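Participant: I have a structure I would like to understand better, so I am pasting it below and will then ask my questions one at a time.
In the working numbering, the protein residues as written are 103 to 154.
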């Protein structure tokens, strides 16, 4: 059953594209080298884990 993961993936992308200090629209101006010390960021890791 794949359907339950899609709302979670959508919520993560929404977070990344709006308020994330690493991926958001103001991220590059405020944190030009990124905010998160980890690669991939926590939200990206979560997205990849849920996607797989």
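All residues carry an ideal CB built from backbone N, CA and C; glycine is no exception.
As the structure is a prediction and not an experimental result, all values here were calculated from the model.
Looking only at C-alpha atoms, which of 114, 127, 132 and 154 sits nearest to residue 143?
Facilitator: Comparing Cα-Cα distances from residue 143 to each of 114, 127, 132 and 154, the minimum goes to 114.
Participant: Using 8 Å for Cβ pairs, my map puts residue 111 next to residue 152. What's the rounded Cβ distance?
Facilitator: At roughly 6 Å, the Cβ-Cβ gap stays under 8 Å, so residue 111 and residue 152 are in contact.
Participant: Nearest-angstrom Cα distance between residue 127 and residue 105?
Facilitator: Rounded to the nearest angstrom, the two C-alpha atoms are 29 Å apart.
Participant: Please report the distance separating the alpha-carbon of residue 132 from that of residue 139.
Facilitator: The straight-line gap from Cα to Cα measures roughly 15 Å.
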